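In mature numbering (1 follows the signal peptide of the UniProt record, and there is no 0), the protein residues as written are -18 to -1, 1 to 157. Even for Gly, the Cβ is constructed at its ideal location relative to N, Cα and C. Treat the numbers as computed from the prediction; the structure is a model and nothing was measured. Data block below; observations after.
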């Protein structure tokens, strides 16, 4: 009986402390370029990608080579859920770090708000209770998966665009 009780306690403790993997997209690359050039390329990318760098940058430190900001993904499509189309807005945080000859960009903290359903934090594998009310559990899961897939695709495009912009800024520096 004691062994059974001990195993139950260990199992319950494990379940309560289990953490979900966080949704995060990351690009790390190395280039033969000075830190200042990589930093200015990152600022240029922010300005071009989001139409204004001032509105979305939360913190920037040129000395440490770090830029932190928040932005929104543009919904690429509407997600059909029974009788209505769910229009999604997804906010996210980005962190850009540059050092001599290398850089890193991390996209994280994806948060969904919608016209009819709010998924909130997109880390969990299943939609939160109440997501897609009136949509049915199966359709709610499908819409949630579509939103996460859309976030993945757009994040990969953002990372590719960032890399291309940095590479161009380095090539164009030698005019």
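Among the options, the one whose alpha carbon lies nearest that of residue i
i           : options            : result
residue 77  : 128, 19 and 28     : 28
residue 45  : 22, 52, 33 and 136 : 22
residue 70  : 17, 106, 94 and 79 : 94
residue 126 : 74, 106 and 14     : 106
residue 16  : 119, 47 and 40     : 47
residue 24  : 113, 86 and 103    : 86
residue 88  : 124, 134 and 14    : 134
residue 54  : 41, 90, 84 and 83  : 90
residue 161 : 81, 149 and 10     : The structure shown has nothing for residue 161, since the chain only spans -18 to 157.
Residue burial classification, residue i (beta-carbon count within 10 angstroms, cutoff 16)
i           : result
residue 144 : buried
residue 20  : buried
residue 96  : buried
residue -1  : Confidence in residue -1 is poor, its pLDDT being 42 and thus under 50, which makes the residue's placement unreliable; the coordinate value appears in the next sentence. Counting Cβ neighbours within 10 Å, residue -1 comes out exposed, since fewer than 16 surround it.
residue 111 : exposed
residue 137 : buried
residue 108 : exposed
residue 130 : buried
residue 132 : buried
Sheet register partners of residue i (DSSP bridge)
i           : result
residue 102 : 94
residue 22  : Note: residue 22 sits in no beta bridge, so no partner.
residue 87  : 9 and 78
Residue range of the beta strand (DSSP E) that includes residue i
i           : result
residue 42  : 39 to 43
residue 111 : Unbroken run through residue 111: none, as it is neither H nor E.
residue 71  : 70 to 81
residue 53  : 48 to 55
Enclosing alpha helix (DSSP H) for residue i [first to last residue]
i           : result
residue 139 : 119 to 154
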